[in-house]
Every structure is written in structure tokens, then in C-alpha cells.
Amino acid sequence: MLLLGALLAALPVVLSYPSAYNSINCIGDKILPTPTYGLSGANFSVCATINIKAPITVVSNAILDVNNYKNWNTFVYNATPPADVKTAADIKVGQSIVFNSRGIPAGATSVGTDIVTFVQRPYFAAWKNIENEAFIGHSEHCFLFAACADGSTQFTHWQTQYGLNAGVIYGLKPDFQRAYEVEANDLKKYAEKK
Ligand SMILES: *[C@@H]1O[C@H](CO)[C@@H](O)[C@H](O)[C@H]1NC(C)=O
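As C-alpha cells, this is what we get:
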């Protein structure tokens, strides 16, 4: 039994994202749920969306191929996944990825380690950040990819900040929002050239 317990504990629990998320959009300044935390204790969300004239798999793989961010993403200008992650296909729930970002606040760079929480190719992926919970609360990023009838892809990326201390960085919300829009535009430029 001990062995079985240890085995079960080592297996990541792979859950599906709620299908209602397929209709999430960035219209209005609203708090958006994430699959790990829902709306409980949410302080604010930022959300960016863009139509990309590229197939859903191209757009989705661009987000999952974190080793390649350095070649197109000016917001998250570098990412370091575990050493065995070589391509988009290697991203799995439970992995820790170190992200280097620029622009929150303007002119500053920061580094954070997120944990992959959902990967449902090519429709949805999410990662959460819990490393500075005592100071800024916790958060989750969601990436939604929707195939449009004309072969293009609607990309929607949101983050919600949660917890008693989330309000500490509420003042940075406009910086987060601007950075998310920069990234969506970068992704469009990159995916449409592929
Ligand atoms: C988020 O935090 C800020 C700063 O503490 C506060 O003013 C605001 O009311 C909070 N929003 C929500 C929805 O809790």
C-alpha cells in the first residue's frame, strides 16, 4: 500500500479545463476565473486577445515552445524549462519553468518560476505562480486558442491575481495589461511569418 501511495502521489493529476472557458473574452474590465482557483480570493485580472492568421497548432505550439521565446517574445524574453524539454511537445503538467520578463513595471525586468497546471493541445494551457505568496498572493495564467472558420486563430491570454496580498501589486495592473498586449502582438507577428 505504501508503494501504491507513493506511486499515485508521483502521478500528476491531469484535469480538463472547464468548457465554459471557451467563451471567455477580454471585453470589459472584469475578473476572470482560472482552472486551479476559480474566482475565489481574486483581486484583479488582465487579459489580451488577438486574431492571428495562422493555424491553431502553430499558435499553440509557439506558446508551448518556451525555449524559443527568446526569438520573438519581447515581454517574456527568455524561458528555461527542465533540461529534458526540447520542443512544445515536451511540456507537461507539473513542470517548473523559469520565466524572464520585461516591462512590469515599465523598464524593469523580473524572474519568476511558474508551474504548468494544464496542457490540452491545441486548445488550452495554464501555469500558476505561488513562489511569493506571502508578499503578492498567487496567480494563474491561461492561454486559450480557438480555431476560427477562416483558418485563423483567436488567442486569448489572461492572468488573475489572488490572495490576501494580491492587492499589493494591484497598482501594477496597467503594466501587466500593457505587457500582455505587447506579447499578443509579438505572437501574431511571429506566428504569421511561420
Ligand atoms: C484589489 O486590491 C486593491 C488594493 O488593495 C483594492 O483597492 C481593490 O479593492 C481590490 N479588489 C478586489 C476585487 O478585491
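In terms of the numbering used here, the sequence shown opens at residue 899 and continues consecutively. In this text, a Cβ means the ideal position worked out from N, Cα and C, and glycines have one as well.
Query, Result
"Burial state of A986 (16 or more Cβ within 10 Å)", "buried"
"Inter-stretch contact (C-beta, 8 Å, three-pair minimum) for the segment 924 to 943 and the segment 1042 to 1053", "no"
"Other residues of its chain near L1085: CB distance less than 8 Å, five sequence neighbours each side excluded", "I948, I950, V957, A960, I961, W970, N971, F1053"
"Distance cut-off 7 Å: N998 Cβ against heavy atoms of ligand 1", "no"
"Run of the beta strand (DSSP E) containing S938, from where it starts to where it stops", "From DSSP, S938 is part of no beta strand (DSSP E); its letter is neither H nor E."
"Segment contact flag, the segment 975 to 994 with the segment 1076 to 1092, C-beta cutoff 8 Å, min 3 pairs", "no"
"Alpha helix (DSSP H) runs contained entirely in the segment 949 to 1003, provided each spans 4 or more residues", "954 to 962"
"Assigned secondary structure, K1091 (DSSP; H/G/I helix, E/B strand, else coil)", "helix"
"Rounded C-alpha distance that separates V1080 from H1055", "12 Å"
"Neighbourhood of A1004 by C-beta distance below 7 Å, restricted to the same chain and skipping five residues each side", "D1073"
"C-alpha gap between A1024 and H1039, whole angstroms", "5 Å"
"The alpha helix (DSSP H) enclosing A1032, as first and last residue numbers", "1031 to 1034"
"With 16 other Cβ atoms within 10 Å as the buried cut-off, status of D1012", "buried"
"Residues near S1008 by beta carbon distance below 7 Å, same chain, minus five either side", "S999, I1002"
"Nearest neighbour of Y1078, chosen from Y1021, Q1057, I1067, N1063 [CA to CA]", "Q1057"
"DSSP state of Y1068 mapped onto helix, strand, coil", "helix"
"Residue environment, S1037, which counts as buried when at least 16 other CB atoms sit within 10 Å", "buried"
"Whole-angstrom distance between F942 and K1071, CA atom to CA atom", "8 Å"
"Heavy atoms of ligand 1 versus C-beta positions, residues under 5 Å", "N941, G1065, Y1068"
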